[in-house]
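Peer 1:
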Amino acid sequence: MEIHVQYQKMKTSESLTALLNKKLEGLEKKYSWLIKANVIFKMENDKAGEGKVCEIELSAPGPRIFAKSSTDDFEKSMAETVEELRRQLEKRQATFASH
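Here the sequence shown stands for residues 1 to 99, numbered as in the numbering used here.
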């Protein structure tokens with residue numbers, strides 16, 4: 001799977017990219033039909049302090065799969081986003097099995 005990572009309004013983080021690659025490799029092992037992942041980390045102005053956003057869009061057979069979360073920490077946002085993608089991928093795989 002190809003992984004493209006963008007950082008908007010913030011500096012690039014090698015450790016965050018490494019953690020992301022590890023999590024996405026786990027998804028790729030389970031769902032070998034994934035093609036590409038577009039990931040965006042960005043800072044947004046949020047009065048509650050939850051402006052650290054992680055968006056991930058996966059290219060796979062069928063419609064694209066997208067998830068986004070915003071928390072006070074990039075690692076938390078990434079974990080929530082990857083978990084949401086995992087739920088969507090399980091549903092997608094179930095539709096493959098029924099055909």
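Ideal Cβ placement from N, Cα and C applies to all residues, glycine included.
Please classify S69: is it buried, with 16 or more other beta-carbons within 10 angstroms of its beta-carbon, or exposed?
Peer 2: Flag for S69 reads buried.
Peer 1: Go ahead and pull the three-state DSSP assignment for A60.
Peer 2: Correct three-state label for A60: coil.
Peer 1: Report yes or no: do the region 7-18 and the region 26-34 share at least 3 C-beta pairs separated by less than 8 Å?
Peer 2: They do not touch, by the three-pair rule.
Peer 1: Return the CA-CA distance between D73 and M43, expressed in angstroms with no decimal places.
Peer 2: Taking the straight line joining both Cα atoms gives about 10 Å.
Peer 1: From M1 to L24, what distance separates their C-alpha atoms?
Peer 2: When rounded, the distance between both Cα atoms is 9 Å.
Peer 1: Can Q88 and I65 be called in contact, C-beta distance under 8 Å?
Peer 2: It is a contact, given that the beta carbons lie within the stated cut-off.
Peer 1: Would you call the CB atoms of I56 and A79 closer than 8 Å?
Peer 2: No.
Peer 1: In the DSSP output, what is I40 paired with across the bridge?
Peer 2: Its beta-bridge partners are Q6, E55.
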